[in-house]
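Colleague: To start, I am sharing the structure in question, which I have written as structure tokens.
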Amino acid sequence: MGNRNSAQIRHFRKKKQDNCTIKNTYKFIDGRKYFKNKEWIYPLPVDEEECDRSQLQHFLFHHIWEENFSSPVKQILENGGKVLDVSCGPGAWLMEMATVYGQTQFVGVDLIPTFPTEIKPQNLKFKQFDVLNGLPFNDNEFDLVCIQNSSLCFTETQWKEIVIPEMVRVTKPNGWVELMDVEFNIQNLPKNFEPLYDGFVKYCKLHDINLEIIPRLGKLLQTHSSGKMTDFNEDIRKLLYYENIDTDSKINMTRKLSKENISSFYHTISPIILPILEITKEEYDEIIDTININFEKNKCFNNMHRFYARKKLAEE
Ligand SMILES: C[S@@+](CC[C@H](N)C(=O)[O-])C[C@H]1O[C@@H](n2cnc3c(N)ncnc32)[C@H](O)[C@@H]1O
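With the working numbering applied, the sequence shown covers 1 to 316.
As structure tokens, this is what we get:
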């Protein structure tokens, strides 16, 4: 996956890759299940435990954003439109959206089939597909094309040359593209947690994953959509790990979940970053155990970003 470029995607798209060409082979590290492919840079496991974390994270983020999307498409979805979620994971966002907007058709695409195959709303379909081979849809098909929490999946070049141009291509004129992600650098990070974060950054650098891309995703959407997009917007929220008396109580309610989520995230990545760090598993786990107290004390938070823009009409 590492070095694919747009000429290669066109070639791959022609080949119309389907489910049977993806080999579902896995490897196990410390009891966690990972997709086995030497070009795969994604550092997270693809097992039931990770699906549970992803569900928890969905409810946490929904609570903070209050809405599942920021693009002005509510009316279209109520009347009946078409929505694509790129690298949808287990599909928690789509399951909720498809239930709320019964008139709209929803499609989720992911390389790993952790999404539900049977128990799901009728207006929701999932497709196993490698996004780096281009999206398996025609031009101008969707009213809303989203990607969420996927900064660890692609290199900066892949975002610029494949993911963003493909999302723009399959969006209808007047439709919306929306990118959501949470920065990984926790503000006011406690000193004892720094080695864990540094280990994670080191892993990402080794695999050409640029964590600093997240606040720039909106800019990349502007510069890599061949001038086809307009009406650029950005929404920012804070993911708090502490109680803030100045903030409304709804946001404060999430801090327990935020801490659970970050602690679960660092447990999840331990098999891949422990080999880089010079500490034992016991020392690593002890640092995670301090999240509850230290993140509260230091008033830690992350910035969450949503970027959304409209595809121009031909005459614009
Ligand atoms: C952190 S998860 C996010 C899932 C979902 N969007 C969410 O917000 O919960 C990233 C997802 O990207 C998928 N992924 C990574 N590389 C991919 C690729 N090349 N093509 C399609 N999906 C990919 C992974 O399998 C994983 O399900």
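Positions of the beta carbon are idealized from the N, C-alpha and C atoms, including for glycine. Since this is a predicted model, take the numbers as computed values, not measurements.
Starting from Gly-175, trace the beta strand (DSSP E) both ways and give me its first and last residue.
Modeller: As a first step, residue 175 must be located in the sequence shown, where it is residue number 175. 171 to 182 is the span of the beta strand (DSSP E), which, as asked, contains Gly-175.
Colleague: Would the C-beta of Cys-88 count as close to ligand 1, meaning under 6 Å from any of its heavy atoms?
Modeller: Taking the sequence shown and counting its residues from 1, one reaches residue 88 at position 88. Under cutoff, so the answer is yes.
Colleague: Between Ile-112 and ligand 1, is there a pair consisting of the residue's CB and a ligand heavy atom that are separated by less than 6 Å?
Modeller: Here residue 112 refers to the residue found at position 112 of the sequence shown. For ligand 1, at least one heavy atom lies less than 6 Å from the Cβ of Ile-112.
Colleague: Taking only the alpha-carbon atoms, compute the straight-line gap between Lys-120 and Gly-81 and give it to the nearest angstrom.
Modeller: Reading the sequence shown from its first residue, position 120 is the one you call residue 120. Reading the sequence shown from its first residue, position 81 is the one you call residue 81. The C-alpha of Lys-120 lies about 18 Å from the C-alpha of Gly-81.
Colleague: Could you tell me whether any non-hydrogen atom of ligand 1 is closer than 6 Å to the CB of Cys-146?
Modeller: The residue you call residue 146 lines up with position 146 of the sequence shown. Result no, Cβ not under 6 Å from ligand 1.
Colleague: In whole angstroms, what is the alpha-carbon distance linking Trp-176 and Arg-310?
Modeller: What you label residue 176 is simply residue 176 of the sequence shown in a count that begins at 1. What you label residue 310 is simply residue 310 of the sequence shown in a count that begins at 1. Trp-176 and Arg-310: Cα-Cα distance of roughly 4 Å.
Colleague: Is the beta carbon of Ile-273 less than 7 Å from the beta carbon of Tyr-197?
Modeller: To locate residue 273, count along the sequence shown from 1; it is residue 273. To locate residue 197, count along the sequence shown from 1; it is residue 197. Not in contact: Ile-273 and Tyr-197 (Cβ atoms no closer than 7 Å).
Colleague: Can you tell me the Cα-Cα spacing of Phe-61 and Asp-52, whole angstroms?
Modeller: The residue you call residue 61 lines up with position 61 of the sequence shown. The residue you call residue 52 lines up with position 52 of the sequence shown. Across the structure, Phe-61 and Asp-52 are spaced so that their CA atoms are roughly 14 Å apart.
Colleague: What separation, rounded to the nearest whole angstrom, lies between the Cα atoms of Pro-190 and Phe-295?
Modeller: For the purposes of this step, residue 190 is taken as residue 190 along the sequence shown, with counting starting at 1. For the purposes of this step, residue 295 is taken as residue 295 along the sequence shown, with counting starting at 1. If you take the alpha carbons of Pro-190 and Phe-295, they lie about 7 Å apart.
Colleague: For the beta strand (DSSP E) that Tyr-34 lies in, which residues bound it at each end?
Modeller: By one-based count along the sequence shown, residue 34 stands at place 34. According to the DSSP assignment, Tyr-34 belongs to the beta strand (DSSP E) that extends over 32 to 35.
Colleague: Along the chain, where does the alpha helix (DSSP H) that runs through Asn-292 open and close?
Modeller: Taking the sequence shown and counting its residues from 1, the one referred to as residue 292 is at position 292. Taken as a continuous stretch (DSSP letters only), the alpha helix (DSSP H) holding Asn-292 covers 291 to 297.
Colleague: For a quick check, are the C-beta atoms of Val-145 and Phe-129 less than 7 Å apart?
Modeller: Stepping through the sequence shown from its first residue, residue 145 is reached at position 145. Stepping through the sequence shown from its first residue, residue 129 is reached at position 129. Not closer than 7 Å, so no.
Colleague: Please name the residue, chosen from Glu-183, Asp-30 and Gln-122, that lies closest to Leu-240 on a Cα-to-Cα basis.
Modeller: Position 240 of the sequence shown, counting from 1, holds the residue named residue 240. Selected option, being the one with the closest Cα: Glu-183.
Colleague: Would you say the beta carbon of Cys-153 comes nearer than 6 Å to a heavy atom of ligand 1?
Modeller: What you label residue 153 is simply residue 153 of the sequence shown in a count that begins at 1. Correct: Cys-153 has its Cβ closer than 6 Å to ligand 1.
Colleague: Who are the near neighbours of Pro-195 in its chain, counting only those whose CB is closer than 8 Å to its CB and skipping five residues on each side?
Modeller: Locating residue 195 in the sequence shown gives position 195, where the first residue counts as 1. Excluding residues within five positions, the ones whose Cβ falls inside 8 Å are Leu-277, Ile-279 and Ile-287.
Colleague: Who are the near neighbours of Glu-96 in its chain, counting only those whose CB is closer than 7 Å to its CB and skipping five residues on each side?
Modeller: For the purposes of this step, residue 96 is taken as the residue at position 96 of the sequence shown. Here the set comprises Asn-68.
Colleague: Using a Cβ-Cβ cutoff of less than 8 Å, which residues in the same chain neighbour Lys-268 once the five nearest sequence positions on both sides are dropped?
Modeller: Here residue 268 is taken as the residue at index 268 of the sequence shown, counted from 1. Sequence check: residue 268 is Thr here, not Lys. Excluding sequence neighbours, Thr-268 sits near Arg-32, Leu-44, Pro-45, Glu-49, Glu-50 and Arg-53.
Colleague: Can you give, in chain order, each stretch of the beta strand (DSSP E) that sits fully within the region 31 to 97 and has at least 3 residues?
Modeller: Correct list: 32 to 35 and 82 to 86.
Colleague: Say yes only if the C-beta of Asn-149 is nearer than 6 Å to one or more non-hydrogen atoms of ligand 1, and no if none qualify.
Modeller: As a position in the sequence shown, residue 149 is number 149, starting the count at 1. Of the heavy atoms belonging to ligand 1, at least one sits nearer than 6 Å to the Cβ of Asn-149.
Colleague: Less than 6 Å separating the Cβ of Leu-130 from some heavy atom of ligand 1?
Modeller: Locating residue 130 in the sequence shown gives position 130, counting from the first residue. It should be noted that the sequence gives Asp, not Leu, for residue 130. Yes, the beta carbon of Asp-130 sits closer than 6 Å to at least one heavy atom of ligand 1.
Colleague: For Ser-258, is the beta carbon positioned less than 6 Å from some heavy atom of ligand 1?
Modeller: Here residue 258 refers to the residue found at position 258 of the sequence shown. No, since every heavy atom of ligand 1 falls outside the 6 Å radius drawn around the Cβ of Ser-258.
Colleague: Counting C-beta neighbours from all protein chains within 10 Å, is the total for Gln-158 16 or more, i.e. buried, or is it exposed?
Modeller: By one-based count along the sequence shown, residue 158 stands at place 158. The residue is buried, with at least 16 neighbouring Cβ atoms inside 10 Å.
Colleague: Per DSSP, what are the beta-bridge partners of Phe-307 in this structure?
Modeller: On the sequence shown, position 307 is the one that residue 307 refers to. Bridge partners of Phe-307: Leu-179 and Glu-234.
Colleague: Ignoring anything shorter than 4 residues, give me the alpha helix (DSSP H) runs that lie fully in the region 184 to 231, in order along the chain.
Modeller: 194 to 206 and 217 to 223
Colleague: Closer than 8 Å by C-beta to Asn-298: which residues in its own chain qualify, once you throw out the five before and the five after it? Chain order, please.
Modeller: On the sequence shown, position 298 is the one that residue 298 refers to. So the list reads Asn-188, Leu-189, Pro-190 and Tyr-242, once near-sequence residues are dropped.
Colleague: Have a look at Lys-30 and Glu-282 and give me their C-alpha separation to the nearest angstrom.
Modeller: As a working note, residue 30 is residue 30 in the sequence shown. As a working note, residue 282 is residue 282 in the sequence shown. With the sequence shown as reference, residue 30 is identified as Asp, and Lys is not the correct amino acid for it. Rounded to the nearest angstrom, the two C-alpha atoms are 14 Å apart.
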